[in-house]
Each structure stands twice: as C-alpha cells, then as structure tokens.
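Scroll down for the structure; my scribbles are underneath it.
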Amino acid sequence: MNILNRKDKNDDEYYFLNELKLIPGDIILERGLGIHSKLIMEKTQGSFSHAMIYVGGTLIEATVQGGVYSRVPNRIVVPNENYLRVLRPKAYLDDESKKNLCTYARNMCGSAYSIREALIVTNDNKPQYSLTRGQFCSRLVAQAYASIGINLSSNIDFCSPADIEKSSFLEEITGLIYKGTKEQADFAYENSTHEQHQKRAVKWVRKSKKILSKEKIKTVFDQKSNKNSDIATINDILMAVYQNKANRTIDEQIAAAMISTGYNLGPFDDIERNPYRYSIPKFHSVYNDIPLDEREFNLNKEYTREKHELKHRPHNYFASYNNLKDNLNSPTFKVCFEIDLNMIKALNERLKVLIEYCIYASVKLPMTSDEMIMIQSLDRVIQCGDNLFSQTPPFS
Numbered sequence: 014m015n016i017l018n019r020k021d022k023n024d025d026e027y028y029f030l031n032e033l034k035l036i037p038g039d040i041i042l043e044r045g046l047g048i049h050s051k052l053i054m055e056k057t058q059g060s061f062s063h064a065m066i067y068v069g070g071t072l073i074e075a076t077v078q079g080g081v082y083s084r085v086p087n088r089i090v091v092p093n094e095n096y097l098r099v100l101r102p103k104a105y106l107d108d109e110s111k112k113n114l115c116t117y118a119r120n121m122c123g124s125a126y127s128i129r130e131a132l133i134v135t136n137d138n139k140p141q142y143s144l145t146r147g148q149f150c151s152r153l154v155a156q157a158y159a160s161i162g163i164n165l166s167s168n169i170d171f172c173s174p175a176d177i178e179k180s181s182f183l184e185e186i187t188g189l190i191y192k193g194t195k196e197q198a199d200f201a202y203e204n205s206t207h208e209q210h211q212k213r214a215v216k217w218v219r220k221s222k223k224i225l226s227k228e229k230i231k232t233v234f235d236q237k238s239n240k241n242s243d244i245a246t247i248n249d250i251l252m253a254v255y256q257n258k259a260n261r262t263i264d265e266q267i268a269a270a271m272i273s274t275g276y277n278l279g280p281f282d283d284i285e286r287n288p289y290r291y292s293i294p295k296f297h298s299v300y301n302d303i304p305l306d307e308r309e310f311n312l313n314k315e316y317t318r319e320k321h322e323l324k325h326r327p328h329n330y331f332a333s334y335n336n337l338k339d340n341l342n343s344p345t346f347k348v349c350f351e352i353d354l355n356m357i358k359a360l361n362e363r364l365k366v367l368i369e370y371c372i373y374a375s376v377k378l379p380m381t382s383d384e385m386i387m388i389q390s391l392d393r394v395i396q397c398g399d400n401l402f403s404q405t406p407p408f409s
C-alpha cells in the first residue's frame, strides 16, 4: 500500500500536512496514483491506498520498500488536497492512552512488510487472524489502536485503508491540509537525513536477522504473552541478544553490523545537513534576514519539533542506559546506548541554540514549566551517560 512517488508530482499544486495541528494518535490516509494504489482503492471500495499514524514529531508507517519505520510529516506532498485525510477518534483519548498507542507503533519499527498478507486485504474472504508478524500499512494502524482497546474494524489483522476511512470510531479533522509552494515540494522530494537513517536501519535489521538465523535463533520469549514469538522488530533483535548473552559471538556480530551498516551514525546526520541548528552564529545568519512575523512562526515550528523529541528521546535513552548498566560487557548494548546518548547530546545542543536565539530576538516559545525542567536536566543526564559509557570495555 504505497505512497505517492516522485513521478506522480503535479507541477501546479502542492498540498501538505500542517504538522503544528496534528496530535499524537492522528491517522493520516493518503491516496497514491500508482496502478497498485488504484487497484487497492477499487477492490476495497475506498478513496485511499495508504495509512499512517502520527506519534508526535514523526509518522510511523509500513511500506513495501522498508517495512515499518518513521517518516517526517513535511516530506508528504500530494497534488490534490483530497488525496490526504486526517482522522481522529471521536472519543477523548487521555494522555496515557496516546502514549501507549504511540509506543506500540514505535515498537513495531523494524518489522518486515508482508506483501502476501497485504494482498489478502483485497479479497472478499479474509482470515480473522494474521498469518505472520509481518506488517502492512492499515494493519499497523489498526493493531496500534487495538492495543489500547479500540477496534477500528471487525477484522484488525486484515483491515484495509477503506475500513479505517469508514470506521465509526473516527472522524475527519479538517483544516490540517494546506496549499504550499514548489520550493516546499522540491524540499519534500529531496533525500532526507531521515530516509538515509532508515535505509541504514533496514540494512542492519536484515543483517541481524541473518546472523540470528544462522545461529538457529528465530524466536524470542515474550513475557507478556508468555510464549515464543518470531523475531520481527528491532526490539526483538535486542531481546534475542539479551536472551542469548551466553553466545558472545552473536552479540559481537550484531554490534559490528550496526557499525558496518552505519546505523550508529544517525545522530550525526542532522548535524551535517543542518549545521545552523548547532551554532549560534550560523543560526543568526539563517534567521536574522527572515521577516519578523515569519521568523516567529518558524521558531515556534522549530521548538514544536524539538518538543516532540523531548517527549520520547529521554525514554529511549533511559531504556538504553538501564540495558547497558545491566550488561556492561555487551557490545550491542554499548553501541545502542552510544546512539541514544548522542541523540540526547544533539537535542540538548539544538535546544540551547534555539533558546539563546529566541532570548536575543525577544521571541517567547510555547514552553511549559515541565518542559523547562526537562531541558535544564539534560546536561546532568548527559554527564551520567558519559560516566556510564566510560566504564565499558572498548569495542570496535
């Protein structure tokens, strides 16, 4: 269930999602223009061929090309405003439900795309339960909602984009799609750091699964279900390393695969692509020439992006911290922690630059007191991380 691609571009009109108005849990439906997309819509009697879920700052989706990974909202562009739709639950979702929903979707990252099961969606007679732990776009969204007790369809595992579109539990939210410029569209079609990191992640996941398969390790024990599950996600791979820690070779090979595929370089991609975010003089040179009203809007947009990072990055960091603390000699958990530590360092640097510039420009950011406390604690968090990392044996 693919997305609009470069050859589908319309040279006259470009429509985008207004990320500032999205809230975690929002479902985005997209209409592709490829033959397969038209076939999906025809067979399922719907207006859309792809579904994604917004988890704050990013979207989680399942695609044929990479399986389940995240996607940046500002990279979505369509030639007609009717080719995108934002859906939201009619019933109120409390913060805990949103958090659990988004965590479920994020935890599916690394899952393979199941073409076979995606095709079954177009059939009249469908099984009631999934045949594998593979994913496709609408299944991912439906299963994420089912994890918090909301069934968007009578058949969660073989739910189609049309089922989501017609779900009585959801309502369309208007005013979240706007007409943009050709410059925005050109930017959206450029290769992003996000895509670069995703490609590396796909390579690492596939390589890791081969390493585990060669050692005849194809399942991990899931404590929640109290049974073995096929290795599907990034979390499953890490659990396999932990549950087989007596096999040092597996640990070393999977850590080495992180490095050889460049998976560990993700934190540095944005620094290379957008150096102004990490330097006060460069930030000034970018923003000082922008008109005041536009400048304030863009600064608020910068902070909104960082605010979402501030919500989930520390969670990843502390999980990695505890994993390494309990497994100081593990190369895999060392590399994982180094990635999350570098992510926190980059976030901290961006926030310092942004806040210092806003003080200079007399721009008030929409920052809560809780967010300010979190930001002020980042230096101490990083120091603790550096101390832990220094206790680990070298690995290269």
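To convert, take the position in the sequence shown, counting from 1, and add 13; that gives the working numbering. No residue lacks a Cβ here, since even glycine has one placed at the ideal position from N, Cα and C. These figures come from a predicted structure and were not determined experimentally.
Secondary structure of residue i, DSSP reduced to three states
i: V233; result: strand
i: D399; result: helix
i: R146; result: coil
i: N329; result: helix
i: L189; result: coil
i: E43; result: strand
i: T8; result: Past the edges of the chain, shown from 14 to 409, lies residue 8, and the structure says nothing about it.
i: E228; result: coil
i: A64; result: strand
i: F408; result: coil
i: V13; result: Not covered by the structure: residue 13. The range shown for the chain is 14 to 409.
i: L30; result: strand
i: S127; result: coil
i: Y370; result: helix
i: L35; result: coil
i: L132; result: helix
i: E203; result: coil
i: P102; result: strand
i: S83; result: strand
i: L183; result: strand
Cβ-based neighbour list, residue i, same chain, cut-off 8 Å, excluding 5 preceding and 5 following
i: E384; result: K320, L323
i: R308; result: Y300, A374, V376
i: C172; result: V134, S151, R152, V154, A155, L165, S166
i: I368; result: L378, I388
i: V394; result: P327, Y330, I357
i: E178; result: L42, G59, S60, F61, R98, L100
Status (buried if at least 16 other CB within 10 Å, exposed otherwise) for residue i
i: Q410; result: Only positions 14 to 409 of the chain appear in this structure, which leaves residue 410 out of reach.
i: Y142; result: exposed
i: S151; result: buried
i: P86; result: buried
i: T274; result: buried
i: C349; result: buried
i: N336; result: buried
i: G188; result: exposed
i: D39; result: buried
i: C397; result: exposed
i: F234; result: exposed
i: D283; result: buried
i: E285; result: exposed
i: R261; result: exposed
i: I372; result: exposed
Proximity below 8 Å, CB of residue i to CB of residue j
i: I224; j: Q266; result: yes
i: T381; j: V254; result: no
i: V250; j: G79; result: Here residue 250 is Ile; the residue named in the question, Val, does not match the sequence. Not closer than 8 Å, so no.
i: L153; j: A201; result: no
i: E32; j: R98; result: no
i: Y291; j: E203; result: no
i: Y330; j: L401; result: no
i: F296; j: V366; result: yes
i: Q197; j: Y316; result: no
i: A131; j: Q58; result: no
i: F29; j: V68; result: no
i: S226; j: A270; result: no
i: T405; j: L341; result: yes
i: I190; j: E228; result: no
i: K139; j: N168; result: yes
Cβ neighbours of residue i in the same chain (closer than 6 Å, five flanking residues each side left out)
i: Y117; result: A157, S160
i: Y96; result: R44
i: L354; result: G398
i: M54; result: S62
i: G279; result: H210
i: S238; result: none
Own chain partners of residue i with C-beta closer than 7 Å, once the 5 adjacent residues on each side are dropped
i: N248; result: N120
i: N311; result: I303
i: I163; result: P102, F182
i: L72; result: I41, M65, I66, S83, R84, P86
i: Y126; result: A75, T76, V77, G80, G147, Q148, F149
i: S205; result: V85, R88
i: F408; result: A268, P344, K347
**Any beta strand (DSSP E) of 3 or more consecutive residues that is wholly inside the region 238-266** = Within the region 238-266, the beta strand (DSSP E) runs of at least 3 residues that lie entirely inside it are, in chain order, 240-243.
**Item:** Segments assigned beta strand (DSSP E), at least 3 residues, entirely inside the region 279-314
**Value:** For the region 279-314, not a single whole beta strand (DSSP E) run of length 3 or above is found.
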